[in-house]
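The structure appears below as C-alpha cells.
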Ligand code: F0G
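As C-alpha cells, this is what we get:
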C-alpha cells in the first residue's frame, strides 16, 4: 500500500499506517490527511482516461461517481470498497439562476449533490469512510450530525450490513426529512440535549472510550471521497477548470476536501490551474467569516494564528454566543476542519462571505424555480455567488460552479413556510430568524370545489 496518514502540522508531519483508526494526530493533536506515494502509483496521464470507465458500468466500482476515480484516492483494495452507487450527480448549466446571480448567459452552473442515495453530498465521503471501516473490521460506527451525515451513515449501514450505527443529533433544529432517514434506516439515534457542537464533542469522547468508528469529517478518509465532487465537475466541463467553486461552509469538510483535490491534481500535472474557492457561511453561524475576513487568520504554511482563533472561541463562550440559522445543516459554532479549510483557501486564492437567512431562502426559491431545488444550506452558495457578483469579486464572464449540497426534500417545513403564504407559519418558522419577506413565494391558490371557479382561476 502506498497510502498513509499524515499529520497536517508542519512541525510534526508524523505518519501512520492506513489501518490505524484515529481522527487526530496522537503526537500533537492536529488533523490528519491521507497522503500517497504518488510516484509509486499508476496515476493516469490525463483526466480523460477516467471517461473510459463509463463504458464499464456493470462494474459497481466504475458505476460509482466516487470510485470511478479510485486512482486519485488509492487507499483501499477494490475488494474492500463499499459502494451503493453514490455520486451519480449532474452539473446543470442554469440560465434562470445565472440571471438571478448576475452572470452572463451560460456562465452559472449548479453541481447537484441531492441525487446521491441519501440525498446529500455526504455519501461521497461516507462511501470512503465505510470502506475504511470495513478495512479495519469496525463493528460499530458513529457520528454527530445536523442531519445529513447521520442519514448518510445510516443508509450505508443499512445497505452494507457490515456494522451497526449510532448517530448523535442535537435537540434543536434537525430537519424532519433528515431525522426520518436515520430512523427509517434503523440507526440507533441519540438526541443529545445540546447543539451540534455538543453532540460532536460527546460522540468523539464516546468513540474514543468504546472503540467505535467515527464518521464525522475529522475522519480523513471521508474527505478523500468528497474530493471526487470536484473531479465530476471537471469531467462535466470537459476537463476544463472553472473560475470559481462556491460552497456553503459548516464544519468545513467539503471546502477542505475540494482544496486537497485541486492541490493534488495540480501537483500531479493533471490540471494547469486551480479555481478560486468561495466558502459561504450563514450570517448566524459565521465563525469562518469572522476569523478569515474580519480577523485576517490565514493558513500561513500551517502556522496559522492559534491565539486569535482561541480568543475568538473564548469570547464566544464568554458571551454565550450560539450559532442560529434556518440553514440548520450549517448551524455550527466550532468548525472542526478549520485548519484544512484555511489551507484550501490559501491554495485556491479563496474568499469567505456570510449571507443572511433572508438571502439564503430567496436564493433557494430561485434554485427551486429554475432547477432541481435544494435545502436551505445549499441556497447559501447561490446567495454567496450573488453577493460576490454584486461586489465585483466574481466577474459576469467568469465560469462559476455553485455546489448544491442537499436535496430539496430534506427540509420541507422551511420551504412550505416560505411559499405557502400562511402568515402564522411564516411568523412561527421564519420571522424569528430575521426573515421579513418571501419575494419569490409561489403560494397555493385556494379555490372552491367547483369546475367553473377552477376554470376562472386558470384563465387569470
Ligand atoms: N450543506 C449541507 C446540506 C450539509 O448537510 C452540510 C453539513 C454542509 C452544507 C456543510 O458542509 O460541514 O463540509 O462545511 N452537514 C453536516 C451534517 C454538519 O452533520 O450533516 P461542511
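In the working numbering, the protein residues as written are 4 to 463. We put the beta carbon where it would ideally sit given N, CA and C, even for glycine. Bear in mind that the values here come from a model prediction, so they are computed numbers and not experimental data.
- Going by beta carbons, residue 113 and residue 95 fall inside the 7 Å limit.
- Taking 4 residues as the minimum length, the alpha helix (DSSP H) runs contained wholly in the region 119-160 are 125-138, in order along the chain.
- Looking at the backbone, the Cα of residue 345 and that of residue 16 are separated by about 17 Å.
- Taking a cut-off of 8 Å on C-beta distances, the region 257-265 touches the region 335-354, as three or more cross pairs fall below it.
- Rounded to the nearest angstrom, the Cβ distance from residue 335 to residue 386 is 18 Å, too far for a contact under 8 Å.
- Between the region 24-32 and the region 306-318 there are fewer than three C-beta pairs closer than 8 Å, too few to call the two in contact.
- As a beta-bridge residue in DSSP terms, residue 192 pairs with 170.
- For the pair residue 229 and residue 257, the CB atoms are nearer than the 7 Å cut-off.
- Taking 7 Å as the cut-off, the Cβ atoms of residue 338 and residue 36 do not count as close.
- For residue 344, the secondary structure class from DSSP, reduced to helix, strand or coil, is helix.
- In the three-state reduction of the DSSP assignment, residue 382 falls in the helix class.
- For residue 380, the shortest separation between its Cβ and any heavy atom of the ligand F0G lies below 6 Å.
- Counting only unbroken stretches of 4 or more residues, the alpha helix (DSSP H) elements lying wholly within the region 230-291 are 231-239 and 256-270, in sequence order.
- Relative to the ligand F0G, the nearest heavy atom lies less than 6 Å away from the CB of residue 123.
- Between the region 160-169 and the region 288-305, the count of C-beta pairs closer than 8 Å stays below three; the two stretches do not touch.
- Looking only at 383, 189 and 276, the smallest Cα-Cα distance to residue 409 is reached by 383.
- Taking the C-beta atoms as reference points, residue 186 is found no nearer than 7 Å to residue 168.
- In this chain, the beta strand (DSSP E) harbouring residue 18 covers 18-20.
- Secondary structure at residue 324: coil, using DSSP grouped into helix, strand and coil.
- With distances taken between CA atoms, residue 76 lies nearest to 5 out of 5, 56 and 140.
- Ranking 165, 279 and 362 by CA distance to the CA of residue 143 puts 165 first.
- Sequence-distant partners of residue 200 (beyond 5 residues in either direction) whose C-beta falls short of 6 Å from its own C-beta, in its chain, are 336 and 337.
- In this structure, the CA atom of residue 120 is about 13 Å from the CA atom of residue 153.
- Residue 216 is a Cβ neighbour of residue 141, given a cutoff of 7 Å.
- Rounded to whole angstroms, residue 280 and residue 58 show a C-alpha spacing of 32 Å.
- If you compare the alpha carbons of 41, 145, 34 and 211 with that of residue 273, the shortest gap goes to 41.
- Per DSSP, residue 458 is one residue of the alpha helix (DSSP H) stretching across 454-461.
- In the DSSP annotation of this structure, the continuous segment of the beta strand (DSSP E) that includes residue 35 starts and ends at 35-39.
- Closer than 6 Å to some heavy atom of the ligand F0G: that does not describe the Cβ of residue 311.
- Taking the Cα positions, residue 32 is about 59 Å away from residue 449.
- Closest by C-alpha distance to residue 333, out of 284, 301, 74 and 340, is 284.
- In the displayed model, residue 301 falls within coil according to three-state DSSP, outside both helix and strand.
- For residue 295, no beta strand (DSSP E) segment is defined, and its DSSP state is neither H nor E.
- Residue 437 and residue 360 have their C-alpha atoms roughly 7 Å apart.
- When the beta-carbon positions are compared, residue 414 and residue 442 stay at least 7 Å from each other.
- Judged by DSSP secondary structure, residue 417 falls outside any beta strand (DSSP E) and instead within the alpha helix (DSSP H) spanning 415-422.
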